[in-house]
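Using numbering that gives the first Met the number 0, read the sequence shown as starting at 0 and increasing by one per residue. Heads up: the structure comes next, in structure tokens.
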Amino acid sequence: MSRVLNACLFGLDNAVDGKLKRAYGTIMFTQIPKPNVFTWNTMIRAFAISTDFVFALHYYREMIRRGVLPDKYTYPFLLQACEGVLDVGIVEQVHGHVVKFGKLFEEIIERDVVSWTTLISGLVSQGFYAEGLLVFNEMMVDEYCVRPNAVTMMEVMLACANLGSLDHARGFHAFLEKMGWTEAEVSIRNSLIDAYSKCGSIGCASGIFHETQCSLKDAYSWTAVIAGLAMNGCGTEAVKWFYQMKLVAGVVPDAVTFIAVLSACAHAGLLDEGVKIFESMEVEYGIVPEIQHYGCMVDLFGRVGFLERAYSFVEIMPMEPNLATLGSLLSACRVHNNVELGEVVLEKINSFCSYGGGASVLLSNMYASGRQWREVVDVREGMKEGNSKRRKPPGRSWIEVKGVVHEFLAGDKSHPRAMELFMVLEGLRTL
């Protein structure tokens with residue numbers, strides 16, 4: 000029956016319409032009592048190479064639901080369908096399934112730019128930035144020599160941005176210049192601005208921005224610079240750029256722009272300016288504030304010491320607060336040594352948030368600052384118990400030395416020079 004189905008879908012005369020073939024195939028498929036993996040792959044392939052990409056994903060989900068494990072021939076067609084659907088969330092789910100079922104990328108027989116980009120995107124979206132760059136380097140070797148597209152390079156620049164690797168950003172910038180993409184693709188220029196900003200090179204970011212034609216500068220371009228200024232301690236300058244964006248360039252800010260400029264106000268302690276900008280969102284631009292905007296305001300009030308006002312802002316939010324919002328308030332409570340409010344905030348974190356271990360650490364440190372040692376012990380013991388909600392995942396960090404990015408986890412000893420590193424750390428601790 001499987002071979003008959005395959006012949007029905009792919010072997011009929013070319014004069015037969017593709018949709019009609021797939022209709023015949025679907026009817027035939029329903030007559031097979033227990034389809035095997037070859038049969039499921041046949042259906043997925045038929046819809047993946049058509050314009051009915053969603054049906055390919057439907058058959059894949061149904062295949063998994065019925066307990067049929069995919070093989071190495073399933074994913075190339077599924078990835079092709081993902082390209083047509085253009086849904087990053089679905090691509091991430093498929094990538095997770097590839098890992099879960101152990102279907103290594105090396106098993107894909109014909110690797111094209113879509114399969115390479117999907118793998119890079121999956122790694123970057125899950126926080127494996129260094130690994131994403133390694134995959135890109137492998138893609139470019141002579142053995143494969145696959146030409147990247149704009150989406151590939153945007154993912155690569157995103158990895159550079161999150162690693163904070165300025166050398167990598169400069170190297171890929173030179174590559175993009177050589178390919179001639181910086182002139183033709185505004186999305187590439189925006190990715191470069193974002194990467195340089197996050198790598199701390201505001202000069203390079205603003206240089207690319209000023210080189211871009213005014214007609215090509217969109218809200219993303221302005222927002223990337225504003226966000227870069229904010230995270231590099233130039234809050235006042237970021238606010239100036241925000242007003243230039245509106246008044247001089249005539250570019251309308253979007254919700255993400257407001258997150259960037261409100262974050263700048265929070266880091267710079269610009270209370271009056273932050274309140275003014277927040278209130279203008281809905282009044283002037285019709286943008287309803289989301290939880291990220293409320294979170295920036297809570298952070299702003301907390302940083303300048305207005306803890307009660309920050310807490311009242313949490314209370315009036317039209318949505319439940321998340322860990323980022325409550326965590327910033329708890330951090331402010333620690334800085335300003337307000338233990339009572341800190342305890343209230345931690346209760347909210349335990350009520351609303353699926354994870355709160357980092358918050359417990361903050362409260363423990365707050366107790367320690369006030370020499371409340373019994374409370375410190377109680378919090379620490381609670382973290383050691385089986386409540387995963389209060390466990391803090393290990394910290395993860397990267398450092399770039401001589402163009403090489405090194406990755407570390409807290410307590411990790413897998414690095415080839417781990418012994419030397421721990422000896423140096425021990426020496427620093429005893430100073």
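We put the CB at the ideal spot given by N, CA and C, even for glycine. Computed from a prediction, not measured in an experiment: that's the story for all the values here.
Going by beta carbon distance, what residues of the same chain come within less than 7 Å of residue i, once the five residues before and after it are set aside?
i	result
Y72	N40
E91	G121, S124
A229	A237, A259, S262, A263, H266
C144	none
G426	none
E61	none
N189	Y219, S220, A223
Q291	I258
F312	Y293, M296, V297, F300
C332	L306, L340, G341, V344, M365
T211	R188, S220
S200	L165
H335	G304, L306
M244	W221, V250, P252
Which residues mark the beginning and the end of the alpha helix (DSSP H) in which residue i is found?
i	result
D166	165-178
G202	201-210
C295	290-302
F127	Run containing F127: none; DSSP gives neither H nor E here.
R64	52-64
R44	36-47
M230	218-230
A248	Run containing A248: none; DSSP gives neither H nor E here.
V140	No alpha helix (DSSP H) holds V140; DSSP gives it neither H nor E.
R188	185-197
I286	I286 -> no alpha helix (DSSP H), and no H or E assigned at all.
I31	It is not in any alpha helix (DSSP H) - I31 carries neither H nor E in the DSSP assignment.
S214	Segment: none, S214 is in no alpha helix (DSSP H) and carries neither H nor E.
L162	149-162
V145	Careful: V145 lies outside any alpha helix (DSSP H) and carries neither H nor E.
L261	254-267
Suppose the cutoff is 6 Å on Cβ atoms and the five residues either side in sequence are ignored; what does the same chain contact list for residue i look like?
i	result
A157	The question names Ala, yet the displayed sequence has Leu at residue 157. Within the same chain, L157 has close Cβ partners V123.
L132	A158
A47	A55, F76, Q79, A80
Y59	I43, L77
G170	none
E130	L122
C198	G163, L165, A168
P147	none
V423	none
A309	V297, F300, G301, L328
T116	V150, T151
G202	none
Closer than 8 Å by C-beta to residue i: which residues in its own chain qualify, once you throw out the five before and the five after it? Chain order, please.
i	result
E281	V287, P288
D16	In this predicted model, D16 has a pLDDT of only 49, less than 50, meaning its place in the structure is not dependable; the value taken from the coordinates is given anyway. Excluding positions up to five away in sequence, the list is empty.
E419	none
S327	G294, V297, D298, G301
M153	S186, I187, S190
**Request:** Run through the region 311-342 for me and flag every whole alpha helix (DSSP H) of 4 or more residues, listed as ranges in chain order.
**Result:** With a minimum length of 4 residues, the unbroken runs of alpha helix (DSSP H) contained wholly in the region 311-342 fall at 322-334.
**Asked** Counting pairs of beta carbons, one from the region 248-257 and one from the region 317-327, are three or more of them closer than 8 Å?
**Response** The answer is no - the region 317-327 does not touch the region 248-257, with fewer than three Cβ pairs under 8 Å.
**Item:** Three or more C-beta pairs below 8 Å linking the region 265-278 and the region 301-312
**Value:** yes
**Request:** Decide if the region 233-242 is in contact with the region 212-220; the criterion is three or more beta carbon pairs, one per stretch, under 8 Å apart.
**Result:** no
**Prompt:** If you pair each beta-carbon of the region 157-164 with each one of the region 175-189, do three or more pairs fall below 8 Å?
**Reply:** no
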